[in-house]
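Student: First the structure, then my questions, so here it is.
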Amino acid sequence: MAAAVAAALGSVSASAIPVQWTDWESSSASNGYTAQGTIQSGTEVVGVTYNNPRGVAFDQLNGGRDYWQNARSGRNPATSPYTSPELANGVDNIPDGTDIIALRFAGMQTLSFSQTIANPFFAYVSLNGNGYAFDQDFELLSVGGVDGNDCGYWGCGTSRKEIVDLGNGVFEYQLLGTGEPHGTLRFTGAFDSVSWRSLSNEYWNGFTVGIEGTQAQVFPCEVDPTLPQCNPGTAVPAPATLLLMGLGLAGLGFTRQKLK
């Protein structure tokens, strides 16, 4: 966690979250298309698996063009389509490197994590002519060309969320847009996986995923309710309280010495 603290101190804004982005490392034609990656979060390494039974347009796992830059003019976290330093739950840092998975087919796909993670972030490139329907609600944090953000690599656009009632208490949370949307959204809570449906065929639109941390790092009381910080009534006194108690005991000792 020391690295995360250091990153926060050096961030664009203290309110934004230093996101740990996926390092996509390998892919295969297993079950259509499957990619493997890792996320380093403090001392924890989280495995990430992406599967799309219909396949993808391409992937970029080691070098290549930087589709995460600001309007083809380099990177500036203060005005990036993928950062939101002004928000308490915003993103502090642009996706690392040039890793990206580019999609082209309509259909379902899934991200799975090797351990439960907290508050995943989803960054997307060029979502024009398509949309994503997620199985979880999300918060749209930033969009290129909106609220002072630079445009993305392929231009500017708008993004919006629509909630669709599928019946029987099931909802679909759709990310839609116009123009050339580039941006980042956030899911809130603890997750083992996230699934979504590409709404149409379109060549191409891309993504990567990051996390705030593991469930144990961000929501420790959900993992172990017996931790001292989870039970304020039994918590160890704060240092200031201990100091006062110590001074009081020292005074008693001094008084006793005088009475001898």
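If you read the sequence shown in numbering that gives the first Met the number 0, its first letter stands for residue 0, the second for the next number, and so on.
Ideal placement from N, C-alpha and C gives every residue a C-beta, glycine not left out.
Remember, it's a predicted structure, so these values are computed and weren't measured experimentally.
1. Please give me, in chain order, every unbroken run of the beta strand (DSSP E) with length at least 3 that falls completely inside the region 8-38.
2. Please list, in chain order, all residues of the same chain as S108 whose beta carbon is under 6 Å from its beta carbon, the five residues on each side excluded.
3. Within 10 Å of its beta-carbon, does Q216 have 16 or more other beta-carbons around it, so buried, or fewer, so exposed?
4. Is the CB-CB distance between V18 and D98 below 8 Å?
5. For Y49, count neighbouring Cβ atoms within 10 angstroms of its own Cβ and tell me buried if that reaches 16, exposed if not.
6. Please report the distance separating the alpha-carbon of R103 from that of Q135.
7. With a 10 Å radius around its C-beta and 16 neighbouring C-beta atoms as the bar for buried, classify V169 as buried or exposed.
8. Going by alpha carbons, who is nearest to Q68 out of A122, D223 and W195?
9. In whole angstroms, what separates the C-alpha of A70 from that of G63?
10. According to DSSP, is E147 helix, strand or coil?
11. Can you tell me whether DSSP reads P80 as helix, strand or coil?
12. Give me, in chain order, the residues of the same chain whose beta-carbon lies closer than 6 Å to that of S26; leave out the 5 immediate sequence neighbours on both sides.
Tutor: By the coordinates alone:
1. 22-27
2. Numbered from 1 along the sequence shown, position 109 holds the residue referred to as residue 108. Sequence check: residue 108 is Gln here, not Ser. Excluding sequence neighbours, Q108 sits near N51.
3. To locate residue 216, count along the sequence shown from 1; it is residue 217. Classification of Q216: buried, given that the 10 Å Cβ count is 16 or more.
4. Working through the sequence shown from its first residue, we reach residue 18 at position 19. Working through the sequence shown from its first residue, we reach residue 98 at position 99. For V18 and D98, no; Cβs fall outside 8 Å.
5. Residue mapping note: residue 49 aligns to position 50 of the sequence shown, counting from 1. That one is buried.
6. By 1-based counting over the sequence shown, the position of residue 103 is 104. By 1-based counting over the sequence shown, the position of residue 135 is 136. Between R103 and Q135, the C-alpha separation is close to 22 Å.
7. For the purposes of this step, residue 169 is taken as the residue at position 170 of the sequence shown. When all chains shown are included, V169 counts as exposed.
8. To locate residue 68, count along the sequence shown from 1; it is residue 69. The candidate whose alpha carbon is nearest that of Q68 is A122.
9. Your numbering for residue 70 matches position 71 in the sequence shown. Your numbering for residue 63 matches position 64 in the sequence shown. For A70 and G63, the distance between alpha carbons rounds to 17 Å.
10. What you label residue 147 is simply residue 148 of the sequence shown in a count that begins at 1. Rather than Glu, the amino acid found at residue 147 in this sequence is Gly. Of the three classes helix, strand and coil, the one that applies to G147 here is coil, per DSSP.
11. Translated into the one-based positions of the sequence shown, residue 80 becomes position 81. DSSP places P80 in coil when its eight states are reduced to three.
12. Within the sequence shown, the letter at position 27 stands for residue 26. Hits under 6 Å: A34 and D58.
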